[in-house]
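Inspection log for the structure reproduced underneath, given as structure tokens.
Residue numbers (UniProt numbering): 1 to 749.
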């Protein structure tokens with residue numbers, strides 16, 4: 001226990017011990033009652049001290065009683081006011097003189113004490129403070145004893161005045177990140193700063209009131225003392241985006257940090273508040289770990305405003321979607337108006353995650369701005385088909401996974417009861433429907449062609465197998481409907497290329513063997529949102545030959561580049577089959593290998609493509625493991641490959657292009673098979689997590705006469721319709737054979 005030096009006034013009193021007045025009456029009021037309200041009795045102590053007691057008197061009577069002179073005792077009336085001019089006897093005067101001398105001395109002492117109270121009180125506080133220094137820690141018992149002494153030795157007003165004086169002398173502490181004893185459910189918003197909130201926190205947890213509360217405030221706020229191994233809190237204020245980033249980061253964990261330090265951490269992302277609860281050393285250590293992590297935070301501009309319609313951006317960048325992107329890639333967003341992300345914040349070691357997140361935002365813009373796709377079917381308008389609910393799971397994009405879907409099909413196409421599913425309506429339908437399909441495909445005018453690109457323009461059609469799905473709305477409860485009824489609903493649609501058990505079908509075909517030494521990759525490069533309106537997609541064919549023993553380096557060649565000017569599609573429903581078809585028309589300009597080599601204007605384009613892909617191709621060969629493509633690359637696009645637009649300068653443009661989110665570049669390799677004399681292309685790849693996790697590209701394709709070939713002539717048009725009709729039959733045959741092969745596989749098991 002610490003010893004506290006007595007004040008000068010206390011030493012003086014100890015020497016003067018009057019026989020009548022107690023020591024308690026002598027002292028200056030360091031002691032006080034609970035409420036410490038001054039009373040009338042205390043205000044008139046001096047007058048009571050100088051007041052002489054009233055005495056009774058005896059008077060003789062002229063009558064004898066029991067042989068003795070009679071007397072009466074006159075008792076003074078205490079209710080009558082005291083008369084100051086009462087006559088005193090000599091004996092009374094002597095006693096009164098002694099009392100008056102003592103009373104005068106006490107009155108003088110009270111007057112002197114009143115004048116010296118401020119300095120003496122301050123000296124008393126400093127005496128209790130003793131050798132304590134700021135940030136000293138006390139044992140719990142010592143703390144309680146010191147607080148009790150302060151509360152019992154001073155009045156309420158003296159404690160309050162000392163606190164006010166200390167606050168005026170010290171600068172207000174408004175900083176965050178300082179450990180505070182006690183716990184609180186609320187964020188500190190006290191105008192005086194952190195210190196003024198400490199006592200309130202402790203008072204709440206320990207039920208302190210009155211003078212003990214003021215004494216606690218003096219110990220903590222004025223003297224800055226604390227209790228050994230006391231549990232408290234440290235509030236760390238960070239930008240909201242930083243807090244969200246640390247919550248999403250793969251290489252940082254609040255839970256792990258808290259567990260290692262034996263503490264707890266509470267997060268309020270909207271306030272940017274990180275609240276650490278524990279012992280002081282542990283909380284301060286956690287604070288340093290968090291600040292070290294924030295020092296590694298970097299920022300990257302998203303730069304997607306040019307491709308976003310601000311009015312409808314809420315449909316693209318909803319809070320759920322942005323939250324999913326942040327958690328998936330371990331990043332956070334600094335958002336601007338209308339929830340459009342302006343900047344990505346990420347940890348320095350997660351630069352790839354930031355790039356993937358930015359690519360996902362660009363893909364989302366393209367996903368929510370699709371070209372309208374009509375649908376058609378061979379089914380008679382009066383025939384009904386059933387509604388079968390379908391769950392695509394991971395085989396659809398993120399936006400499609402948030403919706404419910406159904407497929408329009410006959411019951412025979414959805415069950416495995418028959419080894420050979422019947423298709424009476426397809427077998428008897430008019431195959432000349434292909435002419436209507438072709439006209440519908442080619443109805444879109446070509447408005448994006450650059451005048452310098454009007455030559456050597458190609459037109460092709462692909463027929464891909466998959467499933468056409470219709471969105472199921474909340475009020476939708478139909479079980480059967482006709483094709484016109486289905487079209488009248490104007491439901492959103494999607495087309496997924498999930499083809500289960502495709503291997504038996506492929507095994508029945510003859511593969512077209514490629515050059516075993518050279519690997520060919522088909523990669524589609526898409527301009528980022530900033531350049532989407534002026535630059536086309538580029539379909540690049542790469543040939544890569546690994547170096548052999550003794551050769552200097554690998555050989556990488558750009559075989560061809562297709563500048564895609566426009567695409568449009570039609571979904572063709574096959575309700576008697578397990579799969580549907582999507583016909584897609586593509587208008588493009590193809591630059592062949594010979595032209596790329598001979599023309600110097602394409603040399604910068606070729607070099608930029610090689611620089612973007614060489615490292616990942618070499619890595620895939622060297623490691624024989626998965627090697628994903630980079631998210632972005634810089635491509636120099638010649639003017640004859642650009643789209644038509646007023647903002648296009650008459651010169652090449654160096655622009656940012658996105659590469660497909662393939663988990664492995666091997667997914668860009670395609671295998672071709674002979675299908676009834678036509679090349680059938682098969683490619684399987686894993687992408688995601690925004691796009692479908694697994695994609696099976698299985699399609700036929702055909703070339704149409706060029707756009708500038710004079711299609712108005714009757715004979716070429718008829719020839720093209722005949723060619724397309726044959727292509728249409730082959731595509732339908734492909735879809736039915738894939739479905740049949742699946743059932744044959746089931747029967748053979």
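Built from N, CA and C at the ideal position, the CB exists for glycine as well. Just so you know, these numbers come straight off a predicted model, no measurement behind them.
State the DSSP-derived secondary structure class of residue 739, mapped to helix, strand or coil. Residue state for residue 739 is assigned as helix, using DSSP reduced to three classes.
For residue 521, the first and last residue of its enclosing beta strand (DSSP E): Note, residue 521: beta strand (DSSP E), 519-527.
Grab the span of the alpha helix (DSSP H) containing residue 298 for me, first residue to last. Here residue 298 belongs to no alpha helix (DSSP H); instead the beta strand (DSSP E) covers 297-301.
Which residues does DSSP list as the beta-bridge partners of residue 231? 279
Just to confirm, is the Cβ distance from residue 636 to residue 616 under 9 angstroms? no
Beta-carbon proximity list for residue 250, same chain, < 8 angstroms, skipping 5 on both sides: 330, 350, 353.
Where does residue 54 land, buried or exposed, given buried means 16+ other C-beta within 10 angstroms? At residue 54, the pLDDT of 49 sits below 50, so the modelled position is not reliable and the matter cannot be decided from this model.
Let me know if residue 562 comes out buried or exposed under the rule of 16 or more other beta-carbons within 10 Å of its beta-carbon. buried
Given this structure, state the Cα-to-Cα distance separating residue 137 from residue 298, to the nearest angstrom. 40 angstroms
Roughly how many angstroms separate the alpha carbons of residue 533 and residue 579, rounded to a whole number? 34 angstroms
Between residue 409 and residue 386, how many whole angstroms is the CB-CB distance? I'm expecting something under 8 angstroms. 6 angstroms
Roughly how far, in whole angstroms, is the beta-carbon of residue 659 from the beta-carbon of residue 525, given that I think they are within contact range, below 8 angstroms? 6 angstroms
Around the Cβ of residue 476, are there at least 16 other Cβ atoms within 10 angstroms (buried) or fewer (exposed)? Result: exposed.
If we call anything under 9 angstroms between Cβ atoms a contact, is residue 383 one with residue 482? yes
Residue 332 lies in the beta strand (DSSP E); which residues open and close that run? 332-335
Return the Cβ separation of residue 223 and residue 129 in integer angstroms, given the expectation that the two are a contact with Cβ distance under 8 angstroms. Contact between residue 223 and residue 129 holds: CB atoms are separated by about 6 angstroms, below the 8 angstroms threshold.
Rounded straight-line distance, which links the Cα of residue 566 to that of residue 371: Near 10 angstroms, if we compare the C-alpha coordinates of residue 566 and residue 371.
Going by the DSSP bridge assignment, what does residue 329 pair with across the sheet? Residue 329 pairs with nothing; no bridge assigned.
Please report the residue range of the alpha helix (DSSP H) in which residue 143 lies. 140-153
Cβ neighbour criterion (16 or more within 10 Å) applied to residue 497: Burial call: buried.
Does the distance from the C-beta atom of residue 698 to that of residue 682 stay below 9 angstroms? yes
Does residue 695 pass the burial test, meaning 16 or more other C-beta atoms within 10 Å, or should it be called exposed? With 16 or more other Cβ atoms within 10 Å, it is buried.
What does the Cβ neighbour count give for residue 676, buried or exposed, with the cut at 16 atoms within 10 Å? So residue 676 counts as exposed.
If you drop the 5 nearest sequence neighbours on each side, which residues of the same chain put their C-beta closer than 6 angstroms to that of residue 752? Outside the modelled stretch of the chain, which goes from 1 to 749, sits residue 752, for which no answer is possible.
By how many angstroms is the C-alpha of residue 403 removed from the C-alpha of residue 283? 45 angstroms
Looking at residue 273 and residue 237, is the spacing between their C-beta atoms short of 9 angstroms? yes
Taking residue 278 as the reference, give the member of 268, 292, 262 with the closest Cα. 262
Along the alpha helix (DSSP H) that carries residue 507, what are the first and last residues, could you check? Segment 503-507, the alpha helix (DSSP H) holding residue 507.
Near residue 424, what residues of its chain come up, given a Cβ to Cβ distance below 8 angstroms and the 5 sequence neighbours on each side ignored? Excluding sequence neighbours, residue 424 sits near 576.
Please determine, among 368, 374, 412, 441, the residue with the shortest C-alpha to C-alpha distance to residue 400. 368
Residue 574, DSSP secondary structure in three states: coil
Would you mind stating whether residue 586 and residue 460 have Cβ atoms separated by less than 9 angstroms? yes
Given a threshold of 16 other Cβ atoms within 10 Å of its Cβ, counted over all protein chains shown, does residue 494 qualify as buried or as exposed? buried
In whole angstroms, what is the alpha-carbon distance linking residue 754 and residue 270? Nothing in the structure corresponds to residue 754, since the chain is present only between 1 and 749.
Which term fits residue 280, buried or exposed, when burial requires 16 or more other beta carbons within 10 angstroms of its beta carbon? buried
Meets three-Cβ-pair contact criterion under 8 angstroms: the region 499-510 and the region 430-441: no
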